[in-house]
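Trainee: full-length UniProt numbering applies: residue 1 is where the sequence shown begins, and numbers increase by one.
Glycine included, each C-beta is placed from N, C-alpha and C at the ideal position.
Provided herewith is a single structure, encoded as structure tokens, for subsequent inquiry.
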Amino acid sequence: DIVLQILYREMTKGADIDSLTRWPPPKCYPGTRIEFTTEIQIWLLENVRKWDFLWLSGPAGVGKSAVAQTVAESALKEGILGAVYFFSRPNGRYKYIEVIITLAYQLAIRFPGYQAIVTAKLAAEPDLLEKAPHVQFRKLIVQPLLQLPHERKHVIILDGLDECDSEGAQLEIIELINNTLTSNTPLPIIWIVCSRPESHLKRIFARPDYAIRCWRKFLHIESVESRRDVGTFIRGRFKEIHDQYRECVEEDANGCWPPETATETIIETSSGLYVLADTLLKHIADSETQDPDQRLGEVLAFLEYPCLTGSQSPMYRLDLFYTRILSYILNDHWPIVRQILVASTFRTGEGLSLAVQPMCNLLGITRARFYATLRRLHSVIDIPDPSDTPNTPLKFFHTSFLDYLTNPNRAGRFFIGKLVSDHTITVAAQLRDFVLSVLRCLGSPMGLAAVKMNTPPRWERQEIPKLLNATLSWPPATIGTALSNAFATVRPISGSIFELLCILFEQYGLDNELLAVLRNFDFNALAFTNYSYLLDFPLQHLHKLVNFIPHQLRILNPPSHLYDSGCLL
């Protein structure tokens with residue numbers, strides 16, 4: 001349906017309950033959070049309830065997202081799930097302008113009647129998706145849902161609200177929800193918002209009007225239930241590791257592993273903090289080494305540090321373990337790892353993370369070097385298999401690791417900063433070299449003749465593979481249509497190329513070499529080619545660069561078809 005296509009184009013990808021980018025999603029381990037989730041599930045199914053709004057808060061890593069996922073899956077089975085949005089700043093799911101559209105898309109998928117109403121609204125107001133979020137909320141959420149007949153209310157879940165764009169955006173979302181609760185015609189929606197207990201959120205939920213309409217629940221780290229559930233999780237995961245690596249571990253006389261003292265030590269250290277327990281166990285179960293006994297020994301040795309024997313908080317212990325993991329990286333590998341971690345926070349023009357292979361090509365990192373330098377980080381980062389790297393980015397297992405890396409007080413010598421300028425310049429320089437190589441190849445007599453003829457088989461077979469291998473540190477595994485492949489290799493960062501190249505201009509002045517190639521390149525030769533990807537990336541962004549070049553240096557009379565194709569804006 002056309003309306004679904006329109007919404008899909010503008011929504012956040014990967015924010016839904018069953019999204020591939022979140023797979024496997026965090027959810028409550030079997031036998032844990034039973035009382036907590038059951039209480040919420042019963043509340044959702046009540047015909048008459050005191051509140052239609054739940055704020056579930058708790059510290060980072062305590063398991064809020066797992067509870068949200070579990071409750072959402074239960075609501076889906078009961079037929080009362082409306083929509084969900086799982087925020088994640090490290091994974092690019094944080095833009096306020098996309099939240100309402102994403103919820104609208106999910107509602108349209110689940111409710112045909114809603115889809116018909118939204119279709120009519122977009123037909124009557126084609127620029128609706130360009131309106132402010134509060135306008136979209138009224139016209140895409142409130143008005144359509146009020147028009148639908150309903151026998152029972154459905155639930156919309158927003159998890160990780162504190163990772164949304166800004167404090168202002170977070171507060172506006174809360175106010176929009178509150179307004180639906182105070183309306184004379186209440187919305188047939190139950191709202192669940194999960195977040196850390198940030199001060200600005202605590203203030204708004206402490207207001208008297210919210211105290212009346214909103215149910216507030218807090219997930220405590222040190223509660224008896226949290227400590228018990230984390231213990232259940234640790235024992236269950238140890239059994240799974242034992243089953244997977246039975247031939248690699250030293251069992252006792254009864255065939256048990258690990259020793260009970262080791263299990264108790266890790267339970268005591270983790271307290272009720274799920275992310276600490278999960279990180280310790282991921283380290284022990286690392287498939288890279290396949291030696292759980294060795295990794296368990298490393299963890300137990302770490303836990304014997306004098307600084308961990310006091311009453312420090314579980315978050316303090318988590319930071320120390322992050323530091324311990326990073327300390328395993330060889331000194332000469334750390335600059336490369338730091339580049340990779342910083343580049344993993346870059347976003348394309350579509351707000352997506354860079355896939356591994358294009359990212360490494362920008363940084364000049366080979367496939368072998370990439371895997372060699374990250375081999376000790378499998379407990380904190382989801383590293384894709386080589387076959388998946390062209391389209392799959394690195395994924396932080398938990399936001400707390402990125403929080404640690406970008407806080408100098410927590411990370412110390414492993415602080416990476418936020419988009420550190422010297423690394424950004426490195427990326428821009430690598431990108432510039434690739435762009436120059438492509439333009440020179442296209443502008444060569446052989447390349448130009450081939451493009452004009454629209455039949456460049458020899459050129460594609462011989463020249464482009466040479467260009468790829470000479471320019472890219474991690475060339476494509478296969479050369480199909482080689483010219484298209486060359487552009488596709490770095491197309492994921494097309495939305496950022498303009499900004500990155502401008503950094504070079506700002507830092508070093510005008511790039512005369514690039515300007516010379518731009519001035520001398522015969523763009524008219526591309527006017528009649530059917531190679532549409534030539535006008536896709538990177539040429540359109542190079543033309544945009546012209547707007548920042550002093551008038552006397554600009555390309556004179558650029559061909560009109562470039563304006564027509566949207567390349568010069």
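1) So which of E125, I212, L276 and I80 has the shortest CA-CA distance to I157?
2) Using the C-alpha atoms, what's the distance from N178 back to L129?
3) Looking only at its chain, what residues have a beta carbon closer than 6 Å to the beta carbon of D162, apart from the 5 residues adjacent to it on each side?
4) When you compare only the Cα positions, how much space is there between A108 and I40?
5) For the 8 Å Cβ check, are there 3 or more pairs between the segment 88-99 and the segment 394-408?
6) Alpha carbon to alpha carbon, how far is S57 from I329?
7) Report buried or exposed for V224, applying the criterion of at least 16 other Cβ atoms within 10 angstroms of its Cβ.
8) So what does DSSP say about W23, is it helix, strand or coil?
9) DSSP three-state label for L83, please.
10) According to the Cβ coordinates, are I117 and Q136 closer than 7 Å?
11) Between the segment 206-216 and the segment 67-84, are three or more C-beta pairs nearer than 8 Å?
12) Does the distance between the C-beta of S19 and the nearest non-hydrogen atom of the ligand ATP fall short of 6 Å?
13) Within 10 angstroms of the Cβ of P314, are there 16 or more other Cβ atoms? Answer buried if so, exposed if not.
14) Since F321 and L280 should fall inside the 8 Å C-beta cutoff, what is the C-beta to C-beta distance between them, to a whole number of angstroms?
15) Please work out which residues of its chain come closer than 6 Å, Cβ to Cβ, to T12, disregarding the five sequence neighbours upstream and downstream, and give them in chain order.
16) By Cβ distance, which residues of its chain are closer than 7 Å to A104, with the 5 residues on each side in sequence left out?
17) Thinking just about the alpha-carbon of each residue, which of L374, R138 and P408 is nearest to the one in D332?
18) In or out: H283 buried (at least 16 other Cβ within 10 Å) or exposed?
19) Compare the C-alpha of V71 against each of K27, Y114, A60 and K95 and name the closest.
20) With a 10 Å radius around its C-beta and 16 neighbouring C-beta atoms as the bar for buried, classify G168 as buried or exposed.
21) Our contact map puts S270 next to A262 with C-beta atoms below 8 Å; I'd like the distance itself, whole angstroms only.
22) If you count every other CB in all the chains shown that lies within 10 Å of the CB of residue 572, and 16 or more means buried, which is it?
23) When DSSP builds the beta bridges, which residues end up paired with A216?
24) Anyone know if the C-beta pair for G272 and I221 falls short of 7 Å?
25) Alpha carbon to alpha carbon, what distance is there between P126 and Q106?
26) Exposed or buried, residue 579, counting other C-beta atoms within 10 Å across all chains shown (16 or more means buried)?
27) Please name the residue, chosen from A411, G63, P149 and F86, that lies closest to F36 on a Cα-to-Cα basis.
28) Okay, do the segment 283-292 and the segment 368-386 touch, 3+ Cβ pairs below 8 Å being the bar?
29) Please report how far the alpha carbon of E172 lies from the alpha carbon of L181, in whole angstroms.
30) Using the three-state DSSP reduction, which class does R203 fall into: helix, strand or coil?
31) Compare the Cα-Cα distances from D165 to each of G31, S183, P133 and E251 and report the closest residue.
32) Report the option in G255, E304, V3 and V249 whose CA atom is closest to the CA atom of T265.
33) Give me, in chain order, the residues of the same chain whose beta-carbon lies closer than 6 Å to that of A66; leave out the 5 immediate sequence neighbours on both sides.
34) Following the continuous beta strand (DSSP E) through L158, name the residue where it begins and the one where it ends.
35) In whole angstroms, what is the alpha-carbon distance linking E260 and L219?
Mentor: Taking the coordinates as given:
1) Comparing Cα-Cα distances from I157 to each of E125, I212, L276 and I80, the minimum goes to I80.
2) Computed Cα separation, rounded: 23 Å.
3) Exclusion of the five residues before and after D162 leaves S195, R196 and E198 as the residues of its chain whose Cβ lies within less than 6 Å of its Cβ.
4) Distance between the alpha carbons of A108 and I40 is about 25 Å.
5) Short answer: they touch.
6) Distance between the alpha carbons of S57 and I329: 35 Å.
7) Exposed: under 16 other Cβ atoms inside 10 Å.
8) In this structure, W23 counts as coil in the three-state DSSP scheme.
9) The residue you asked about is not Leu; residue 83 is Ala in the sequence shown. Of the three classes helix, strand and coil, the one that applies to A83 here is strand, per DSSP.
10) Cβ atoms of I117 and Q136: not closer than 7 Å.
11) In this structure the segment 206-216 does not touch the segment 67-84; the number of beta carbon pairs closer than 8 Å is below three.
12) Looking at this structure, you won't find the ligand ATP or any other ligand, since it has none at all.
13) By the neighbour-count rule (16 or more Cβ atoms within 10 Å), P314 is buried.
14) Right, the Cβ-Cβ distance comes to about 7 Å (below 8 Å), so this counts as a contact.
15) Only R93, E98 and T102 meet the Cβ criterion.
16) Excluding residues within five positions, the ones whose Cβ falls inside 7 Å are L7, V118, L140 and I141.
17) It is L374 whose Cα lies nearest to the Cα of D332.
18) Looking at its Cβ environment, which holds 16 or more other Cβ atoms inside 10 Å, H283 is buried.
19) Residue K27 is the option with its Cα nearest to V71.
20) Counting the other Cβ atoms within 10 Å of the Cβ of G168 gives fewer than 16, which makes it exposed.
21) About 13 Å separates the two Cβ atoms, so there is no contact after all.
22) This structure cannot speak to residue 572, because the chain is shown only from 1 to 569.
23) For the record, residue 216 in the displayed sequence is Arg; it is not Ala. The secondary-structure analysis by DSSP pairs R216 across a beta bridge with W55.
24) Yes, these two residues count as a Cβ contact at 7 Å.
25) Rounded to whole angstroms, Q106 and P126 show a C-alpha spacing of 20 Å.
26) Because the chain in this structure spans residues 1 to 569, residue 579 falls outside the shown range and cannot be described.
27) Nearest option by C-alpha distance: G63.
28) Contact holds: three or more Cβ-Cβ distances are below 8 Å.
29) Rounded to the nearest angstrom, the two C-alpha atoms are 14 Å apart.
30) Three-state result, R203: helix.
31) Its Cα nearest to that of D165, the residue P133 stands out among G31, S183, P133 and E251.
32) Of the listed residues, the one whose Cα sits closest to T265 is E304.
33) Spatial neighbours of A66 in its own chain (CB-CB distance under 6 Å, excluding positions within 5 residues in sequence) are listed in chain order as P26, K27 and C28.
34) Residue range H154 to D159 is occupied by the beta strand (DSSP E) that includes L158.
35) The alpha-carbon atoms of E260 and L219 are separated by roughly 28 Å.
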